[in-house]
Amino acid sequence: MKLLNQISLIFILTLIMGVVAHADDSSKIPNGGTIVTVPGVGLAPPAAMNGFNPFLTSSAYDAEAEALMYQPLFWVNRDFQINFKLSIAKKIVVGPQHQSFTVYLHRHWKWSDGITVTTADIAYTYHMLMKLGPLYPGWDSGGFPDDIKSFKVLGPFSFRVVTKQAVNPRWFELSGLSYFNPYPEHSWKYYSIKQMNDNMTNVKFYSVVDGPFRLQSFHSGRYASMVPNQAFSGPDKPHISRLVFRFLNSNASVFFALKSGAIQLGNLPAPLYSARNQLTNDHLTVVGPIWGFNYLGFNFSNPKIAFVKNLLVRQAMMHAVNQDLMIDVMGYGYGARAYGLVPGNPPVYLSPEAKSLLSQGAYDPKLADKLLDQAGWHRGPDGIREKNGHKMAFTMYMPPSMVRGPTLLATMLAKVGIQVRLREMPFNEVYAQMVDPHSKKWQAVYLAWSQTGFPTGGSIFKCGGVQNSYHYCNPKMDALMAKIRVSPGLNALYKFQNYFTEQQPVIVLPNMKIFVMAAKNIHGISRAITPAGGFNPQYLWVSHAKS
369 MKLLNQISLI FILTLIMGVV AHADDSSKIP NGGTIVTVPG VGLAPPAAMN GFNPFLTSSA
429 YDAEAEALMY QPLFWVNRDF QINFKLSIAK KIVVGPQHQS FTVYLHRHWK WSDGITVTTA
489 DIAYTYHMLM KLGPLYPGWD SGGFPDDIKS FKVLGPFSFR VVTKQAVNPR WFELSGLSYF
549 NPYPEHSWKY YSIKQMNDNM TNVKFYSVVD GPFRLQSFHS GRYASMVPNQ AFSGPDKPHI
609 SRLVFRFLNS NASVFFALKS GAIQLGNLPA PLYSARNQLT NDHLTVVGPI WGFNYLGFNF
669 SNPKIAFVKN LLVRQAMMHA VNQDLMIDVM GYGYGARAYG LVPGNPPVYL SPEAKSLLSQ
729 GAYDPKLADK LLDQAGWHRG PDGIREKNGH KMAFTMYMPP SMVRGPTLLA TMLAKVGIQV
789 RLREMPFNEV YAQMVDPHSK KWQAVYLAWS QTGFPTGGSI FKCGGVQNSY HYCNPKMDAL
849 MAKIRVSPGL NALYKFQNYF TEQQPVIVLP NMKIFVMAAK NIHGISRAIT PAGGFNPQYL
909 WVSHAKS
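Read the sequence shown against the numbering used here and you will find it ends at 915, with the numbers running on by one and no gaps.
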C-alpha cells in the first residue's frame, strides 16, 4: 500500500481496482483533445508527483501515473474479482493444498517497443524486490516475502509461486501475487538501484511501457504530461491525445483553476461545495467513498503522549467523535460512518458485528467521559484532563487546506477534556517525519490509508512492520492478522477486524464521498473515476476536441 494526502496520506499496493464497463459504441467516440487535471483526482486533495519508478515510490500520486504506464498482472474490479481480460495474467491454477499458484500469461501483451511481455519481466520484478528488501515500500505485506517458499519460471508465459504453508487462496491472489507485476526487464536490467534513484523523473528511462499511456514530460514542481501509448495492446485505447497533471498545492487553488479553465478536471473541495454554481462551465460527479479509511494516528514512541497507549483512552476518543456531524459538515451529507480498517462500501468483507456498529453508530460522549475517568485522567481547572501533573494534550499535523475536519475533531475531543493543537504541514514534511524510524518528535497526524483487494492493513500495524510508522505493537493483533493468511474464507478476517475496532490503534474517522468537477465537454467521468478511487483516463473523451 502507498502513502497519499487524502485527508492525508495513503499507501496503496500496485494492485489496480477498477470498474469495467464498455461504452455502447466506442467507434462513435471522437479522438483527440487535451485534458488538464491534477494528481489525486477522484481520490484526494492535490499534491506533486515526485517520481515514476514503482520499485522506489511510496506516494499514491506517483502510483497514479505508474498505473497508467504499466498494466497490472491482475486487474481487480469493484466486486474484488480479477478481470482477466484487462490483466496480464490469463488464469491462475491453485494447487490442491493451497500452497502452489501457477499463473499463465496472455501472449498478446507487448511493450511499446514491440517486445512481448513474458515471465522474464515477472522474474525481473521478483528479483528486484528481493534485492531491494525493506527499501521497497510494500515489503513485508501481503505475504511477500515471508510466506513465499519458491518462485519458478515454467516457460515464457507461465510461472509458479509455492508458499511455505497452506494459505488463504483469495487473500494470496489479491495481496501476495499482486506483487508480481511485470516491468520491462530488457530496458531496466542494466541499471543499478542507485541509477534508478537518479532517474526517478527521467522521461527517457520510462520510454518502454505496456499501459495505455506513456510519460511525455516532467517539470519538477510544475506538471507532468502523458500521451497515449500508440502500441498499447489492451482493449481500451485512450481517446484523448494528451493528459496533463498540474501540481497545485491546495484545494482552493483547484477551485480557482477550474473556474478560470486552467484545468478541466479536478476535485471540488467540500468546503466550497455550496459555491459549485460558480463553475458554470463544469458538471458535477459524486464518487466514492474510496476503498480505505481515514484516521487520527499517533506516534506511540513519543513519551509526551504516552497516554495513547492506554486502551481506555483510545476507546474514549472513538466514542467522543460525532461521525454523523462530521459527514454533514465536511461532506454535506455525502459520506459513511467507519470504525475499522475494513471499508463498508461495498460491504463484502464486513463482519456481522461491524455491520451492527455501523448501523448504530458509536457516538457517546458520556461513555467517553466515563472511560477517561477510569483511566485516571480527570479534568483540571481549565477543563483539560490531567494526571500526575501532565495534561492530556497533543499536537496534530494536518495537510494544507484540510482545516475543517481537524477543527471539528479537536472541538469534539475538547468536550471530553482532551486538548488538540492543530498544525498545518506540507505533505512531504509530514511523510519525512513519519518514515524516520528514529523520529519521536511528531505526536499525531490526520491521515488516510487505502486498502488492497483483501483488506488486512498489511504491515501498517504489525510489530516492527516496514510500513508501521506509528510504532504500534500488539502481539495478539499480529496473531489474528497471521491467521487471515492461512484460513480460507472470511472468519479470520472477521475476528481481526472486530479486534481492531475494539483496540483502535488509530481513531478511525468517517469516509467522505468526493465531488469531481469536469468541463462540460469532457465525458466518461463515471467510467474513468472508479468508486475505489482509481483513475482510468483512457475512458475519457472530449467533444469538439482539437488535437
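All C-beta atoms, glycine included, are put in the ideal place defined by N, C-alpha and C.
For this session: Compute the beta-carbon to beta-carbon distance between Val716 and Phe469, rounded to the nearest angstrom, for a pair I have assumed lies under 8 Å.
Result: So it is not a contact: roughly 22 Å between Cβ atoms.
For this session: Can you check DSSP and say which residues form a bridge with Pro596?
Result: Phe581
For this session: Would you identify the three-state DSSP class for Met780, choosing helix, strand or coil?
Result: helix
Exercise. For Leu739, which residues from the same chain have a beta carbon less than 8 Å from its beta carbon, with the 5 sequence-adjacent residues on both sides left out?
Worked result: Leu680, Val681, Gln683, Ala684, His687
Exercise. If you drop the 5 nearest sequence neighbours on each side, which residues of the same chain put their C-beta closer than 7 Å to that of Gly712?
Worked result: Ala704, Ala706, Leu718, Leu726
Exercise. Going straight from the alpha carbon of Ile631 to that of Ser642, what length do you get?
Worked result: 20 Å
Exercise. Where does the unbroken beta strand (DSSP E) through Glu797 begin, and where does it stop?
Worked result: It is not in any beta strand (DSSP E) - Glu797 instead sits in the alpha helix (DSSP H) that spans 795-803.
Problem set entry | Coil, strand or helix - Arg911 by DSSP | The residue asked about is misnamed: residue 911 is Ser in this sequence, not Arg. In the structure shown, Ser911 sits in coil (DSSP, three-state: anything other than H, G, I, E or B).
Exercise. Where does the unbroken alpha helix (DSSP H) through Lys830 begin, and where does it stop?
Worked result: Unbroken run through Lys830: none, as it is neither H nor E.
For this session: Name, in chain order, the residues that DSSP records as bridge partners for Tyr472.
Result: Lys459, Ser526
Problem set entry | Alpha carbon of Phe442 to alpha carbon of Val654, nearest angstrom | 27 Å
Exercise. Is Val910 buried or exposed, if buried means 16 or more other CB atoms sit within 10 Å of its CB?
Worked result: buried
Exercise. Is it buried or exposed for Asn796, if we count other Cβ within 10 angstroms and need 16 for buried?
Worked result: exposed
For this session: From the DSSP output, read off the bridge partner residues of Ala886.
Result: Leu633, His651
Exercise. How long is the line joining the alpha carbons of Asp650 and Val406, rounded to whole angstroms?
Worked result: 16 Å
Problem set entry | Residues near Leu497 in its chain [Cβ-Cβ closer than 6 Å; skip 5 each side] | Tyr504
For this session: Pull up the distance between the alpha-carbon of Lys677 and that of Val874, whole angstroms please.
Result: 11 Å
For this session: Within the region 656-741, note down every full beta strand (DSSP E) run reaching 3 residues or more, in order along the chain.
Result: 660-666
Exercise. Taking the continuous beta strand (DSSP E) assigned at Val622, which residues delimit it?
Worked result: Premise fails: Val622 lies in the alpha helix (DSSP H), 619-628, not in any beta strand (DSSP E).
For this session: In angstroms with no decimal places, state the Cα-to-Cα distance between Val784 and Leu411.
Result: 32 Å
Exercise. Going by beta carbon distance, what residues of the same chain come within less than 7 Å of Asn544, once the five residues before and after it are set aside?
Worked result: Correcting the residue identity first, residue 544 is Gly in this sequence and not Asn. Cβ neighbours of Gly544 beyond the five flanking positions: Gly510, Gly511, Phe512, Asp515.
For this session: Indicate the three-state DSSP secondary structure (helix, strand or coil) for Trp443 in the structure shown.
Result: strand
Exercise. Is Ser807 helix, strand or coil when you go by DSSP?
Worked result: coil
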